[in-house]
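Note sheet for the following structure.
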Amino acid sequence: VEDTIKFLVSIEDEDPAKEQNLVQSQPVTVIVLDENDNPPMFKNSPYEVDVPEDEEVGKTLLDNILVEDRDSVGDSLEVGCVPSEQWPEACETFEVVALNSSAHQYTGALVLKKPLNYNERQFYQYQLYATDGTLNSSTHIEIKVVDVQNSPPVFSGSLSAALPEDAAVGTLALTVHARDADRARPRPVMLELVTNPMDFFLLDSQTGELRTAKPLDREALADPSSPLNLTVRATEVVNGVPVISELTSTLATVTITIKDVNDEPPRFNRREYSVEIPESLPIETPLPNLDMVVTDTD
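Heads up: the sequence shown runs through residues 1 to 298, numbered per full-length UniProt numbering.
So this is what it looks like as structure tokens:
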């Protein structure tokens with residue numbers, strides 16, 4: 001585009017000997033050529049957008065990225081991401097796609113390139129640049145990742161304990177800790193025993209306290225040398241109701257070792273023994289047909 005300035009140049013010759021001066025006029029036109037001396041500028045900036053963590057890859061997050069350049073010359077405008085040490089993955093997670101571009105104006109959209117995860121990152125802040133091939137400008141863009149209820153509960157802390165077999169009824173074995181893995185708006189979590197061999201224990205669904213429900217008996221176990229395994233389920237409570245599904249409940253194994261206590265007397269293999277021997281039997285001779293075996297289950 002060429003802007004023109006038009007004006008009239010007049011030259012007057014003053015001659016005292018003449019009644020009228022001589023005047024000569026000439027129209028002049030000046031053509032002003034544009035130079036690329038203005039940087040492109042972002043409009044509607046800085047840019048902010050909230051994105052749910054389960055948003056589909058390829059989805060347009062923003063479609064109002066606008067850049068204007070007062071100059072009409074220069075290359076077509078380009079917009080892109082500025083890499084940074086603080087947000088190294090931003091340029092790989094989001095992409096600016098041109099919708100329309102010329103030397104004077106650029107319109108673009110922000111598109112999601114990779115899946116988001118609220119538990120890994122809740123916020124992105126980085127810069128976009130605009131260039132006309134010679135001059136540049138930049139602006140900030142902020143993206144908030146919105147948590148979505150898509151993670152089941154998680155257990156934390158120790159899930160193993162040891163108790164003597166003579167522990168009193170009501171003895172605390174351990175406390176089970178579980179929480180909703182969705183941290184932005186966590187739901188309450190309820191606990192319950194799914195498997196409880198021999199019904200030795202009781203679990204408080206709210207506090208997670210695991211206590212003995214009756215006297216323990218190590219010798220009554222199928223394998224007294226092995227620990228006792230209990231299965232605990234943590235379930236999210238939605239509107240006051242526990243909801244069991246892949247996204248709202250989790251199972252964990254609690255291991256209880258029952259320590260042996262010397263509470264069993266030794267036992268003979270027979271209640272009584274009887275044998276007949278001659279009176280002439282030498283001293284220290286083993287008695288025939290007398291096999292005496294004593295065992296202790298402790």
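Positions of the beta carbon are idealized from the N, C-alpha and C atoms, including for glycine.
On the three-state DSSP scale, how would you describe residue i?
i           : result
residue 271 : coil
residue 199 : helix
residue 48  : strand
residue 98  : strand
residue 252 : strand
residue 279 : coil
residue 299 : Residue 299 cannot be examined here, being either before or after the span of the chain that is shown, 1 to 298.
residue 220 : helix
residue 153 : strand
residue 159 : coil
residue 134 : coil
residue 244 : coil
residue 41  : strand
residue 239 : coil
residue 206 : coil
residue 1   : The predicted model places residue 1 with a pLDDT of 48, which falls under 50 and marks its position as unreliable; any figure quoted below should be read in that light. Looking at residue 1 - three-state DSSP - the assignment turns out to be coil, as it is neither helix nor strand.
Count the other CB atoms within 10 Å of the CB of residue i; is the residue buried (16 or more) or exposed (fewer)?
i           : result
residue 191 : buried
residue 208 : buried
residue 14  : exposed
residue 218 : buried
Assuming residue i contacts residue j under a Cβ cut-off of 8 Å, what Cβ separation, rounded to an integer in Å, is found between them?
i           : j           : result
residue 139 : residue 46  : 5 Å
residue 78  : residue 131 : 5 Å
**Message:** At 4 residues or longer, what runs of the alpha helix (DSSP H) sit wholly inside the stretch 66 to 94?
**Reply:** 90 to 93
**Item:** Cβ contact check for the stretch 12 to 30 and the stretch 38 to 53: 3 or more pairs under 8 Å
**Value:** no
**Asked** Are at least three pairs of beta-carbons, each pair with one atom in the stretch 102 to 121 and one in the stretch 156 to 163, less than 8 Å apart?
**Response** no
**Item:** the stretch 198 to 208 contacting the stretch 243 to 251, beta-carbon criterion three pairs below 8 Å
**Value:** no
**Request:** Count the C-beta pairs between the stretch 268 to 281 and the stretch 174 to 187 that are closer than 8 Å, then say yes if the count reaches three, no if not.
**Result:** no
**Request:** Taking 8 Å as the threshold, find out whether the stretch 123 to 137 comes into contact with the stretch 64 to 78 through three or more Cβ pairs.
**Result:** yes
**Request:** Let me know the beta strand (DSSP E) ranges lying completely inside the stretch 6 to 35, each 3 residues or longer, listed in chain order.
**Result:** 22 to 33
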